[in-house]
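In my numbering, the protein residues as written are 987 to 1329. Here a beta-carbon is modelled for each residue, glycine too, at the ideal position from N, C-alpha and C. To start, the structure itself, in structure tokens.
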């Protein structure tokens, strides 16, 4: 009778314990075109824009069920590495190299107007970010050892280059990766406007503002190493940086740094369990849940980035959460686009 009583107690205990959380899954969407996608902007749960090689731009207004692909006339050989969209009609795309260009559509992609061009030798744009529908910034690789910036205050209609002659110089071989359009953030931290961006190559730094930098404990020293992406949680005053070495994309050491912004400065720490390889994109799902992606797979964290779990070995370049919703989308090579499914 005693054994039966013990077994009954164990069964009752197991019945009230919560079941293990199911890992997330991916719903791969049929995009319809074999394009390498690195630009992704999720306006709402239904409205998604993407951009990539061959002058290609894609738009969905039904949550990825169908896609409208367009090739921007006159730019058929360009690589649009980043895109910022504001609704189903308005979007801005960034063409990376000489001449660097930024184009804007106001009619859903039927026509595109050139709003910025720079043919300076060595020009290479890397990423854009907007803090609202009017104020944005674009970052580019260093010209004469100083980071290139251009700003807009009218929704990308006009851009002005920032005079960087008094800015700190980057060390030789330090630059920025145009891997996912997410190495720069315009944000608000501690009730103050902030610009954050991360570099890679021979040095990997976190830049807070145009003049202050801190070394990041990521793998660095080669052209293929360093920080690729930064995600910010304004609510918690924290951020996560991911990167690594894209030539060794399964190596998991020194590929992620956790940041906490405090009045006395930024505090850096490294995860107990890092992402399982090189990662080119990261974003917050909520204050504690994050997702990161790269050519060797996708990881999620449920504890603010301290521990990461690999749940897919599929290759994706970029991940973004809806600005006005909760849905997370990913994009990568061969026109691959997916939706994150959480349980």
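In angstroms, rounded to a whole number, what distance separates the CA positions of residue i and residue j?
| i | j | result |
| --- | --- | --- |
| residue 1169 | residue 1008 | 31 Å |
| residue 1323 | residue 1071 | 17 Å |
| residue 1171 | residue 1116 | 8 Å |
| residue 1093 | residue 1049 | 19 Å |
| residue 1031 | residue 1052 | 14 Å |
| residue 1014 | residue 1325 | 6 Å |
| residue 1157 | residue 1131 | 7 Å |
| residue 1336 | residue 1316 | Because residue 1336 is not part of the residues shown, which for the chain are 987 to 1329, the question remains open. |
| residue 1182 | residue 1173 | 8 Å |
| residue 1243 | residue 1216 | 10 Å |
| residue 964 | residue 1010 | Lying before the first or after the last residue shown, residue 964 is absent from the chain, which here runs from 987 to 1329. |
| residue 1287 | residue 1261 | 9 Å |
| residue 1127 | residue 1208 | 16 Å |
| residue 1180 | residue 1223 | 11 Å |
| residue 1293 | residue 1090 | 40 Å |
| residue 1239 | residue 1133 | 28 Å |
| residue 1305 | residue 1279 | 7 Å |
| residue 1099 | residue 1039 | 19 Å |
| residue 1012 | residue 1285 | 12 Å |
| residue 1249 | residue 1175 | 10 Å |
What residues match up with residue i in a beta bridge as DSSP calls it?
| i | result |
| --- | --- |
| residue 1091 | 1077 |
| residue 1121 | Note: residue 1121 sits in no beta bridge, so no partner. |
| residue 1152 | Note: residue 1152 sits in no beta bridge, so no partner. |
| residue 1115 | 1123 |
| residue 1182 | 1171 and 1194 |
| residue 1325 | 1013 and 1315 |
| residue 1286 | 1277 and 1295 |
| residue 1204 | Paired residue(s): none; residue 1204 is not in a bridge. |
| residue 1056 | 1043 |
Would you please state the rounded distance, in angstroms, between the beta carbons of residue i and residue j? I believe it to be under 8 Å.
| i | j | result |
| --- | --- | --- |
| residue 1311 | residue 1296 | Actually they do not touch by this definition, with Cβ atoms about 26 Å apart. |
| residue 1194 | residue 1252 | 7 Å |
| residue 1029 | residue 1309 | 6 Å |
| residue 1125 | residue 1112 | 5 Å |
| residue 1163 | residue 1118 | Not really, about 25 Å apart at Cβ, beyond 8 Å. |
| residue 1154 | residue 1197 | 6 Å |
| residue 1232 | residue 1258 | Going by Cβ atoms, the distance from residue 1232 to residue 1258 rounds to 24 Å, so no, they are not a contact pair. |
| residue 1056 | residue 1095 | 5 Å |
| residue 1228 | residue 1241 | 6 Å |
| residue 1165 | residue 1266 | 4 Å |
| residue 1143 | residue 1136 | Contact flag wrong, Cβ pair sits at about 13 Å. |
Leaving out five residues before and five after residue i in sequence, what residues of the same chain have Cβ atoms less than 6 Å from its Cβ?
| i | result |
| --- | --- |
| residue 1290 | 1274 |
| residue 1192 | 1184, 1200 and 1202 |
| residue 1160 | 1185, 1187, 1188 and 1189 |
| residue 1321 | 1017, 1019, 1020 and 1021 |
| residue 1005 | Residue placement at residue 1005 is poorly supported in this model, since its pLDDT is 43, which falls under 50; the coordinates are not used for a value here. |
| residue 1035 | 1027, 1045, 1069, 1071 and 1077 |
| residue 1121 | 1139 |
| residue 1097 | none |
| residue 1065 | 1039 and 1082 |
| residue 1041 | 1057, 1058, 1061, 1062 and 1064 |
Apart from the five residues just before and just after residue i, which ones in its own chain have a Cβ nearer than 7 Å to its Cβ?
| i | result |
| --- | --- |
| residue 1067 | 1024, 1025, 1080, 1082, 1164 and 1167 |
| residue 1210 | 1231, 1232 and 1233 |
Exercise for the section: Give a yes or no on contact between the stretch 1099-1108 and the stretch 1071-1086, applying the rule of three or more CB pairs nearer than 8 Å. Expected result: With a cut-off of 8 Å, the stretch 1071-1086 and the stretch 1099-1108 count as touching, because enough Cβ pairs lie within range.
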